[in-house]
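Under our numbering, the first residue of the sequence shown carries the number 3, and numbering increases by one thereafter.
Worksheet: one structure, shown below.
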Amino acid sequence: MKQLQHVIWSKGTFLTPQHLQIQDRYIEDSLRFLFESLSFRFWGFASLQINESKLTEGLLSISGGAGVMPDGLLFEFPGADAAPSSRQLNPFFSEEKARVGVFLAVPEQRTGGVNVSQRSDIKARYVAETRMLRDENSGTSEKPIQIARKNLRLLVDSESREGSTVMQVAEVEQAADGTYRLVPDYVPPMIDVHGNTFLLGVLRSLVERLAARSAVLAGARKQKNQSLADFTAADVASFWLLYTVNSHLPVFRHLLHRSVVHPEQMYSAMLELAGALTTFSLTIQSRDLRDYDHENLGSCFRELNEKIRLLLEEVVPTNFISIPLKFVRESIYAAAIDDDKYLKDTRLYLAVNAEMKDAELITRTPQLMKVGAAGYVEEIVRHALPGLKLTHVPSPPSEIPVKLKYKYFSLDSSGSVWEGIQRARNVGVYAPADFRNVDLELVILLPVKGRT
């Protein structure tokens with residue numbers, strides 16, 4: 003039970019140790035109550051240094067650490083507290099067990115019980131330690147003062163943790179050759195991202211990836227603004243993706259430059275980014291995003307970071323390809339179609355630009371141009387055959403990025419000429435000399451796959 007009632011100090015009070023003890027508990031429990039009310043998962047390491055060189059000797063040794071235990075006990079070593087003794091790992095491994103968890107532990111506070119001992123091997127929360135301290139006003143009058151040193155120790159997961167407050171510091175695994183190493187995937191509970199190299203690395207890489215994605219999208223936007231006659235649905239999606247990236251980039255930069263960042267604060271920002279990015283994804287949905295797990299930071303941050311990486315690498319979905327037709331010989335232009343899927347359940351359009359009035363281009367293209375397989379188009383012209391039917395499309399499908407000065411014509415994908423194109427996997431166009439400085443482009447509109 004928390005001690006949230008303060009001592010009543012009044013005239014004539016006979017001072018006893020209990021008065022000061024309950025006053026200390028009132029202050030400590032009030033602070034803990036405040037932390038729990040205002041902060042999510044207020045406990046964890048602010049910093050932690052494990053001496054990995056000692057693992058070669060079969061020892062787990064912590065050279066430094068600071069933070070808050072789950073029950074609110076503050077610690078810092080070396081300095082205010084003594085570091086816990088190293089633990090020999092070999093007895094805890096076997097053929098059946100190649101991985102163990104190691105915990106920082108301290109005995110629980112016993113209300114009305116023994117909490118201070120003269121020896122560290124006794125299971126008491128504190129060990130009495132005498133220090134000679136001077137009066138900090140005069141700098142003189144040195145006196146022996148007993149202080150409570152925290153009785154910190156390391157426990158392995160197979161040992162009893164009953165009666166102790168614990169916080170995992172590491173997972174250790176034994177290789178086939180008998181050597182020990184820290185499990186790289188494990189990240190202890192932290193209260194500051196800057197105290198862990200993995201979490202700080204995730205934050206830095208996010209800033210770098212967002213900055214790079216922003217630059218690419220901004221460059222594409224500038225190019226489209228200069229070359230397109232109209233904005234397609236894909237262009238609008240690209241702009242929204244740029245908006246999403248640019249909205250979150252300053253937040254992560256701010257977190258990177260802050261002196262203290264709780265992992266949950268960083269994870270919330272990552273969830274917000276990932277949730278927004280799922281709007282543009284066909285494979286990852288917002289419900290796939292994992293909740294924050296303070297005791298498994300390594301796995302939850304890795305999973306979310308990987309999803310963000312995949313989401314940022316996804317191009318805004320487009321369901322068309324554009325193939326320029328190259329000049330082959332006089333009046334003949336051709337292009338290879340290197341994938342059968344471009345000729346199955348698709349819609350084909352011929353984009354035409356030439357030095358000709360728009361109205362004339364619209365009427366003369368279906369009359370004079372001939373479309374067929376590249377090796378057959380000249381025979382179509384020679385025998386005055388119709389080739390594929392061309393139909394002007396005043397408003398091309400929104401998926402197609404309409405270029406300035408180009409007119410678009412749909413191609414009839416049926417009949418023997420179309421079957422010849424499918425067999426040859428290429429297309430040829432006859433454009434007579436009437437079309438000066440002609441540019442031809444084949445646009446293939448692919449079927450849209452539904453969201454998963």
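All C-beta atoms, glycine included, are put in the ideal place defined by N, C-alpha and C.
What three-state label does DSSP hand L458 in the structure shown? Outside the displayed span of the chain (3 to 454) sits residue 458, for which this structure offers no information.
Counting only the same chain and skipping the five closest in sequence on each side, list residues whose C-beta sits under 8 angstroms from that of G452. Only weak support exists for where G452 lies, its pLDDT of 47 falling under 50; the value from the coordinates is given anyway. Excluding sequence positions up to five before and after G452, its CB lies less than 8 angstroms from no other CB in the same chain.
Quick check on the burial criterion: 16 or more other C-beta atoms within 10 angstroms. Buried or exposed for T367? Buried, because 16 or more other Cβ atoms sit within 10 Å of the Cβ of T367.
Which residues bound the alpha helix (DSSP H) around P368? P368 -> alpha helix (DSSP H) spans 360-370.
Between the stretch 196-208 and the stretch 253-273, can you find at least three pairs of beta-carbon atoms closer than 8 angstroms? Segments in contact, yes.
Whole-Å CB distance - P109 paired with S166, under 8 angstroms assumed: Yes, P109 and S166 are in contact; Cβ-Cβ is about 6 angstroms, under 8 angstroms.
Comparing alpha-carbon positions, which option in R427, V431, N298, V330 lies nearest D187? It is N298.
May I ask you to report which of helix, strand or coil DSSP gives K309? K309: helix per DSSP, three-state reduction.
Let me make sure I understand the geometry here. Which of R425, E316, L327 has the alpha-carbon closest to that of A467? No answer is possible for residue 467: it lies beyond the span of the chain, which begins at 3 and ends at 454.
Going by the CB atoms, is the gap between G60 and L91 shorter than 8 angstroms? Pairing L91 with G60 gives a Cβ-Cβ distance under 8 angstroms.
Alpha carbon to alpha carbon, how far is H250 from S270? Going from the Cα of H250 to the Cα of S270 covers about 12 angstroms.
Between the C-alpha atoms of L273 and P399, what's the straight-line distance to the nearest angstrom? Just so you know, the alpha carbons of L273 and P399 end up roughly 35 angstroms apart.
Simplified DSSP state of D441, which is helix, strand or coil: Correct three-state label for D441: strand.
Given G74, which residues of its chain have a CB within under 6 angstroms of its CB, disregarding the five upstream and five downstream residues? Closer than 6 angstroms at Cβ, skipping near neighbours: R34.
So, does the stretch 116-130 touch the stretch 183-203, judging by three or more C-beta pairs under 8 angstroms? Cβ pair count under 8 angstroms is below three, so no.
What do you get for V373, buried or exposed, if any count of 16 or more other CB atoms within 10 angstroms of its CB means buried? Buried.
Does N439 pass the burial test, meaning 16 or more other C-beta atoms within 10 Å, or should it be called exposed? The residue is exposed, with fewer than 16 neighbouring Cβ atoms inside 10 Å.
DSSP state of Y408, grouped into three classes? Note: Y408 maps to coil in three-state DSSP.
For T167, does the three-state DSSP call read helix, strand or coil? Correct three-state label for T167: strand.
DSSP state of S240 mapped onto helix, strand, coil: DSSP places S240 in helix when its eight states are reduced to three.
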